[in-house]
Amino acid sequence: PYCNSEEAISFWTEVETAIGARLNADDSITLVAPFGLAALFDDTITFNAKNGDRAAYAQRVVDKGWLQRWPRLRQVKI
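Residue numbering for the sequence shown follows this note's numbering, starting at 262 and increasing by one per position.
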């Protein structure tokens with residue numbers, strides 16, 4: 262089990278998809294992004310080594326059709 266949602270998100274397959282939002286009691290929104298937000302705007306998709314399942318990552322890239330949908334998207338090799 263994870264300690265909290267931020268820790269859980271940090272294990273998602275891709276760095277760029279590891280983002281969540283929380284609505285606070287005062288109606289403000291808090292973003293949770295364990296790897297930061299910069300990669301979201303860099304036209305990249307990066308395997309999350311913390312997840313460890315490269316096969317699942319590769320299959321998700323194919324299944325989601327990301328490289329066809331966004332031709333400028335680049336896979337970052339790590």
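For each residue, glycine too, the CB sits at the ideal point set by N, CA and C.
Original post:
Should the region 284-293 be regarded as contacting the region 314-327, the criterion being three or more beta carbon pairs within less than 8 Å?
Top reply: no
Original post:
Going by the beta-carbon positions, is the gap between E277 and A310 smaller than 8 Å?
Top reply: no
Subject >> Boundaries (first-last residue) of the alpha helix (DSSP H) holding R330 >> reply: W327 to R330
**OP:** Would you decide whether A282 is buried or exposed? Buried here means 16 or more other CB atoms lie within 10 Å of its CB.
**Re:** exposed
**OP:** Apply the 10 Å Cβ neighbour rule to E268 and answer buried if 16 or more other Cβ atoms are within range, or exposed otherwise.
**Re:** exposed
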